[in-house]
Structures are given as structure tokens and as C-alpha cells.
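A.B. asks: Protein chains in written order, with the numbering used here: chain A, 14 to 290; chain B, 90 to 358.
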């Protein structure tokens with residue numbers, strides 16, 4: 014719409030985007046929509062990932078069969094991986110572009126600032142985001158490629174989990190889930206608003222949805238390293254500790270593992286202090 | 090004052106942002122003697138008036154601040170009091186904020202709205218013409234309306250009418266921008282777009298309006314909304330963040346549509 018009177022700020026006239034793709038990649042709401050839509054995809058992924066993880070409770074066979082199932086079609090596996098990488102890439106691109114605009118929008122900071130409505134979660138998004146990225150890289154090196162895993166076995170996911178998630182590393186996983194909780198709690202709600210759920214301070218649907226989703230995902234994730242650290246989920250090939258009652262009992266005993274010799278002694282190390290308790 | 094019984098008087102310490110003009114570097118100046126004996130019945134602006142009278146009497150430059158109606162409806166006034174735009178009270182403009190909200194001996198930091206798109210003109214006054222340009226970009230209905238039509242000629246669902254009325258309560262003071270951690274103008278832009286988008290008179294230009302107003306806000310250098318909710322908390326008219334979500338929706342719909350050929354609608358009438 015034209016007819017803007019000439020003003021000292023005439024140079025602030027917007028340059029209309031050339032096409033729809035450019036509009037999405039540069040305008041403020043376009044970038045927010047990219048953020049939100051990739052957020053939806055990544056939220057659904059973490060939900061699925063969490064549900065898959067819970068099979069650790071069904072014992073080594075269930076978890077390893079599930080892992081085998083995921084790798085059954087290499088083409089599909091790599092397509093999903095490429096899709097996830099694209100989602101993360103776009104999420105980061107939108108973040109960087111928006112963060113740049115926002116940093117420039119207030120050149121002079123306030124001397125004093127009081128927060129009245131924003132939450133710790135909302136204000137720490139730009140910290141929890143990069144930290145989660147660092148965790149994801151660590152997590153892939155730890156349990157996908159095994160680069161930083163002490164006794165990695167590409168064909169025995171259950172073994173990798175029970176030997177890898179004890180002690181300090183397990184603590185990193187639990188802390189990362191606390192980070193994920195903060196990120197999701199604001200992120201899911203913010204995503205719903207960006208996608209057009211009209212609610213403000215007095216609305217509760219989106220907030221409640223984000224809270225339930227966050228609790229579900231992060232508790233579901235954190236329970237695995239917590240129980241490994243507590244020794245409830247332990248190596249099955251070694252003599253199962255008496256503490257592992259119902260969960261271990263559900264799984265059939267597996268006498269003939271391909272590599273009992275390697276698995277048993279290494280698995281005993283992190284599990285030992287837990288057994289002593 | 091005689092015969093009124095005991096009137097409570099406050100002795101305050103003010104740290105006020107002083108800036109000679111747009112280009113000059115500003116800084117905080119502390120006023121203590123000038124802010125003594127402030128009645129709790131005064132509004133915040135009347136307190137500044139008293140301080141200014143004392144400054145003028147002693148031959149100093151008074152503190153410049155914006156104000157007009159002083160009854161909370163014009164949107165002219167507004168300073169950040171102790172880190173909160175329009176001060177600590179909810180749904181209150183600075184002119185309607187009264188000194189009874191503060192304790193004796195209080196130390197108050199008074200700053201202008203801070204945003205790149207709102208350059209300081211002098212002291213606590215900022216240039217909010219960016220808002221005018223956003224309105225000029227699309228915050229209108231481009232039809233010649235003539236006389237007021239018969240009220241029942243154009244039925245509007247009660248829900249829509251109420252929502253549009255809530256959005257139209259925006260007085261354009263800019264507190265949302267001042268409060269936003271990103272200095273985003275989304276609460277203002279969304280209120281000014283939605284009070285038209287929601288009604289049959291404004292709906293035909295919904296797409297064009299949503300795109301044009303956001304494009305202008307982006308060009309002005311406002312930040313982007315990350316749904317902190319600070320804007321809603323300080324808004325003197327309690328505009329809901331829900332309007333931002335509605336504008337997001339309208340914008341998304343308009344942005345995926347094929348842009349219409351030809352020039353967009355012209356100016357208002």
C-alpha cells in the first residue's frame with residue numbers, strides 16, 4: 014500500500030520479497046513459521062525416540078530387535094536421518110536469523126529490568142538450544158557411532174546402553190533432559206502460538222499441552238539413564254543383580270549372546286557400585 | 090493542606106535518563122532534593138511536574154517527557170519505571186500510576202522506551218513515528234464509508250465484535266515494544282491488524298494488510314516475537330497475546346497464497 018508521506022525515515026520502506034520462498038526465509042513471521050514447523054517435526058521425533066527407548070525395560074532382545082528393525086532398510090534410515098538433519102539445520106538457521114534481528118532491535122540496554130510474565134524457560138531458549146545441540150553431537154558419538162563409548166558393540170544396543178549410561182555419563186544424560194524440558198516447555202507452547210493457537214495469559218490449552226508433552230518426553234527419556242545408574246536396568250549376560258526384579262524378569266534369559274566374553278567383564282564395571290548399594 | 094489531617098509525603102531518589110537530543114550520548118542524573126515532599130495523591134507525571142518546577146526555579150533544564158490526556162486513553166505518556174514500562178501496576182498508563190504505589194525513601198530508575206526503532210528525541214521522549222508508518226502500511230480500510238450505515242445492516246457475530254473491540258483498545262503507547270526482550274512490536278501490530286481483520290469491513294483486505302504491516306514492522310527494525318509474554322503483562326489496555334497468534338495465522342495464510350497481480354489497495358479514501 015503506497016501513499017506514505019515522505020519522512021526522515023523514508024529509507025525504512027520495506028523491500029517487498031520477490032517470491033514466496035524469499036518471504037518465508039527472510040520475514041520475521043516467515044522465519045518464526047520455519048522455527049515452529051521444524052519444531053513440530055523435532056518434537057514428534059523426540060516423542061518417538063522416547064517411546065522406542067522404553068523397550069530397554071523389556072530386556073536386551075526387545076531393544077536389540079527394535080534397533081535391528083530401524084536399520085532394516087538403509088535407504089529409509091538415511092532418508093530419515095537426512096530429514097532430521099535438514100530439520101535441525103533449518104531450526105538453527107531460523108534461530109540465527111531471528112537472533113540477529115532481535116539483537117539489533119535494542120541497541121541500548123535498560124539499566125534496570127523486571128520480568129513480569131516471561132519464564133526462565135523462555136529466557137534461556139538461546140542457551141538451552143546450543144547446549145542441546147552439543148548434547149546431540151555427544152549422544153551420536155556416544156551411542157550411534159560409538160566413538161566416545163568405552164565398550165561399543167554395533168550389534169548390541171542394550172549392552173551399549175547399560176554400559177554407557179552409568180556414572181558421570183548418565184548424569185550428563187539426565188542433565189541434558191532437564192535442558193530439554195526447559196526448551197520443550199517454552200518451545201512447544203511458543204510453537205502452538207506461532208502456528209496460530211489464539212491464547213494469551215488467560216488461555217490454558219496450549220500451556221497445558223506443552224506441560225504434559227514435556228513431562229511425558231523428558232521423564233520417559235530420563236528414566237532409562239536413571240535406572241541404569243541405579244542398577245535396575247543392568248547387563249543380562251552377567252548374573253542379574255537381585256535388585257532387578259520385575260523388569261528383568263519380563264525378559265527371557267539369554268544364555269547364548271554372540272559376545273559374552275567381552276560384554277560381561279566390561280559391563281560389570283559401571284554396574285558394580287550400584288549392586289553394592 | 091491545612092485541616093486535611095496528616096497527608097503522607099514521600100521523599101524519593103530518582104535516577105533519570107537525560108539526553109540532550111537524538112544524536113547526543115545520554116546518561117543517568119540523580120535527583121534527591123528535587124523529589125522531596127511528594128504527595129501520595131499525585132500521579133507519576135505530576136510528580137515529574139513538581140520535579141521540573143523545582144529544576145526550572147533553580148535555572149536548570151526540565152526533564153522532557155511525553156504526555157497528553159493524562160486520563161489513560163491517549164497513549165502519549167510512558168516511561169520505564171524501575172524496569173517496568175508504565176511502572177509496576179497492571180493495566181495502568183504512567184499518567185494513571187499514582188505515587189501511593191511507591192514507598193517513602195524509594196529509589197526509582199526512570200528510563201525511556203528502549204528500542205532501535207524508537208530513537209530518543211530528548212530525555213524520556215522517544216520518536217514513535219514507526220508506529221504511524223506501520224498503520225500507513227495497512228492499518229486501515231480502503232473504502233469511502235460516507236455516512237454511518239444502518240447498524241443492523243451488516244450483522245457481526247457477537248464473539249467477533251467483542252474480539253475486535255478488545256484489539257481496538259490499543260492506544261499505541263509502545264509499552265509492548267519497551268517490555269519485549271526482543272523489542273518486538275508484535276502486540277501493537279497484531280492489535281491494529283486484528284481489529285480490522287476480524288470484522289467484515291476489514292476482512293477483504295486481510296491478506297494484503299497482514300503482509301504489509303509485518304513487512305513495515307520488519308523494515309522499521311523491530312525485533313521478532315518469541316512469546317515471552319512481557320508485552321501482555323505491561324499493556325495498559327491488557328491486549329492479549331492471542332492477537333499475535335491470530336496475526337501469525339493470517340500472515341501464514343496470506344504468505345502461502347499466490348500474490349495477486351497489480352498494485353495493492355491505495356490509501357484511505
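Glycine included, every Cβ here is placed at the ideal spot set by N, Cα and C.
1. Taking Cβ positions only, does residue 141 (chain A) come closer than 9 Å to chain C?
2. Cα-Cα, which of A:46, A:167, A:135 and A:163 is closest to residue 319 (chain B)?
3. Taking the DSSP output, what are the residues bridged to residue 229 (chain A)?
4. With a threshold of 9 Å between beta carbons, is residue 17 (chain A) in contact with chain B?
5. Residue 233 (chain A): which of A:70, A:52 and A:46 sits nearest, CA to CA?
6. Three-state secondary structure (DSSP) at residue 204 (chain B)?
7. Counting only Cβ pairs nearer than 7 Å, list the residues of chain B close to residue 125 (chain A).
8. Between residue 181 (chain B) and residue 262 (chain B), what straight-line distance do the alpha-carbon atoms span, to the nearest angstrom?
9. Applying a beta-carbon distance threshold of less than 7 Å, which residues of chain A neighbour residue 113 (chain B)?
10. Kindly indicate if chain B contains any beta-carbon less than 9 Å away from that of residue 207 (chain A).
11. So, does the CB of residue 194 (chain A) fall closer than 9 Å to a CB anywhere in chain B?
12. For the segment 105 to 191 of chain B, which segments carrying the alpha helix (DSSP H) assignment without a break, of at least 4 residues, lie completely within its bounds, in sequence order?
13. Does DSSP classify residue 312 (chain B) as helix, strand or coil?
14. Can you tell me the Cα-Cα spacing of residue 145 (chain B) and residue 253 (chain B), whole angstroms?
15. Rounding to the nearest angstrom, what Cα-Cα distance links residue 63 (chain A) and residue 117 (chain A) in this structure?
16. If we call anything under 9 Å between Cβ atoms a contact, is residue 207 (chain B) one with residue 276 (chain B)?
17. If you draw a straight line from the C-alpha of residue 334 (chain B) to the C-alpha of residue 121 (chain A), how long is it?
18. How would you call residue 68 (chain A), buried or exposed, if buried means at least 16 neighbouring beta carbons within 10 angstroms?
19. According to DSSP, is residue 211 (chain B) part of a helix, a strand, or is it coil?
20. According to DSSP, is residue 210 (chain A) helix, strand or coil?
21. Quick one, which of A:200, A:237, A:73 and A:27 has its alpha-carbon nearest residue 54 (chain A)'s?
22. Looking at residue 336 (chain B): is its Cβ nearer than 9 Å to the Cβ of residue 283 (chain B)?
23. Note the first and the last residue of the continuous alpha helix (DSSP H) segment covering residue 127 (chain A).
24. By Cβ distance below 6 Å, which residues in the same chain neighbour residue 119 (chain B) in space, the five residues on each side in sequence not counted?
25. So which residues on chain B does residue 65 (chain A) lean against when the C-beta distance must stay under 8 Å?
26. Determine the burial state of residue 310 (chain B): buried for a count of at least 16 other Cβ atoms within 10 Å of its Cβ, exposed for fewer.
27. For residue 314 (chain B) and residue 209 (chain B), I'd like the C-alpha separation in whole angstroms.
28. According to the Cβ coordinates, are residue 180 (chain A) and residue 242 (chain A) closer than 9 Å?
C.D. replies: Quick look at the numbers:
1. No chain C appears in the structure shown, which is made up of the protein chains A and B.
2. Considering only alpha carbons, the answer is A:135.
3. BP columns for residue 229 (chain A) are empty, so no partner.
4. Confidence is the limiting factor: at residue 17 (chain A) the pLDDT is only 44, short of 50, which leaves the residue's position unreliable, though a coordinate-based value still follows. Chain B contact via Cβ: present.
5. The shortest C-alpha separation from residue 233 (chain A) is found at A:70.
6. Assignment of residue 204 (chain B) by DSSP, reduced to helix, strand and coil, places it in the strand class.
7. Those within 7 Å of residue 125 (chain A) in chain B are 171, 172 and 198.
8. Taken atom to atom, the span from the alpha-carbon of residue 181 (chain B) to that of residue 262 (chain B) is near 12 Å.
9. Neighbours of residue 113 (chain B) across chain A, judged by C-beta separation under 7 Å, do not exist; the nearest C-beta is about 13 Å away.
10. Output row for residue 207 (chain A): interface = yes.
11. Taking Cβ atoms only, chain B never reaches closer than 9 Å to residue 194 (chain A), which makes this a no.
12. Complete alpha helix (DSSP H) runs here, min 4: 133 to 146.
13. Per DSSP, reduced to three states, the secondary structure at residue 312 (chain B) is strand.
14. In a straight line, the C-alpha of residue 145 (chain B) is about 45 Å away from that of residue 253 (chain B).
15. Spanning the two alpha carbons is a distance of roughly 38 Å.
16. Residue 207 (chain B) places its beta carbon 9 Å or farther from that of residue 276 (chain B).
17. Per the coordinates, the alpha-carbon of residue 334 (chain B) lies some 28 Å from the alpha-carbon of residue 121 (chain A).
18. Its Cβ being crowded by 16 or more others within 10 Å, residue 68 (chain A) is buried.
19. If DSSP states are grouped into helix, strand and coil, residue 211 (chain B) belongs with the strands.
20. In the displayed model, residue 210 (chain A) falls within coil according to three-state DSSP, outside both helix and strand.
21. Answer by Cα proximity: A:200.
22. For residue 336 (chain B) and residue 283 (chain B), yes; Cβs fall inside 9 Å.
23. That residue, residue 127 (chain A), is in no alpha helix (DSSP H); it is neither H nor E in DSSP.
24. So the list reads 104, once near-sequence residues are dropped.
25. What residue 65 (chain A) touches in chain B: nothing, since even the nearest Cβ is about 30 Å away.
26. Residue 310 (chain B) comes out buried.
27. Computed Cα separation, rounded: 23 Å.
28. In this structure, residue 242 (chain A) lies closer than 9 Å to residue 180 (chain A) by Cβ.
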